[in-house]
Structure formats: C-alpha cells, structure tokens
Amino acid sequence: MNAHVYLAYDYPLLGAFWTVLWIVLWVAWFILLFRVIADVFRDDTLSGWAKAGWLIFTILLPFLGVFVYILARGRSMGARERRHLQAQQEAFDSYVRETAGSTGRRSEADELMKLSEIRARGDISDEEFRRAKEKILH
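In case it helps, the UniProt record's numbering puts the sequence shown at residues 1 to 138.
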C-alpha cells in the first residue's frame, strides 16, 4: 500500500489560480466587513440604537448587511474616513511640535534674548551681563 501524493500533478495551474482568487476575495471581504464595522462606530450622526441595529444586521446577515450598508451609507463613509485620517495627522503633528519644543533646553538665542531683557530692565549690570553671555556661548 504505497500512497504517493503528487500535488504538482494533481493540482493543475488553473486550480491554483482559482484557489488564490478565492483567498484574495475572502481577504477583501473581511477587510470590507471590518471597515464597515469601524465606520459604524466612527459615525457620530448615528444614535446608539442605530449603531446596534447596523451591527446586528452585519453580524447576523454579513453579506447582505455589508452590501446594504455600503449602498445606504457608502457615500459618507469616505468623508468620515478622511476626517478621521486628518484628525490623526493633526494629533501626530501637534505631538511632534510639543515634543520637539519641550526638550528642556532652550536655544542660545532664546537665552541671550532673555538675558538682554533682564539687563534692559536694569536687574543686572553690564559686567554680570558679559559674564553670563560668555557662559551661555561657551
């Protein structure tokens, strides 16, 4: 009893093509399903009951629920996605600005400007200003 499996010979090229096609379609389907679910949660115009209804519809009848959601609310789905991405970009930009600006070190120019303001008010003498300036620059 010799059971040899010749997978390359028993599985023709067209069969491999169809398998890959079905896998790609299933992956695309799940991506679309999760995008619809994320959009339901992201939409601020829907009430809690409407969100629950769409979720139940897409979970109980996934194919029909997703297609009906795309037909009914697909046009505004892209706008919500753009707003979400813009908000993320703005949050990232402000985080970078805050982090870059709060390094704990001020630039030499800022310190010299503050020092000259102190001298202009008369709080320090010219000699103290000169020593502090040398300390900052070296």
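Built from N, CA and C at the ideal position, the CB exists for glycine as well.
Boundaries (first-last residue) of the alpha helix (DSSP H) holding residue i
i, result
"S116", "E108 to R121"
"I136", "D126 to L137"
Simplified DSSP state of residue i, which is helix, strand or coil
i, result
"L46", "coil"
"L61", "coil"
"H84", "helix"
"I56", "helix"
Pick from the options that is closest to residue i, judged by C-alpha positions
i, options, result
"R82", "D43, E117, H138 and V20", "D43"
"I56", "L33, L13 and G15", "L33"
"E111", "K133, P62 and G122", "K133"
"L137", "I124, L25, A109 and R73", "A109"
"T58", "F30, T99, T45 and R80", "F30"
"T45", "T19, S125, M77 and I23", "M77"
Distance between beta carbons of residue j and residue i, contact taken as under 8 Å
i, j, result
"Y69", "V27", "With a Cβ gap of about 19 Å, Y69 and V27 do not count as contacting."
"K51", "V40", "5 Å"
"R121", "F129", "With a Cβ gap of about 11 Å, R121 and F129 do not count as contacting."
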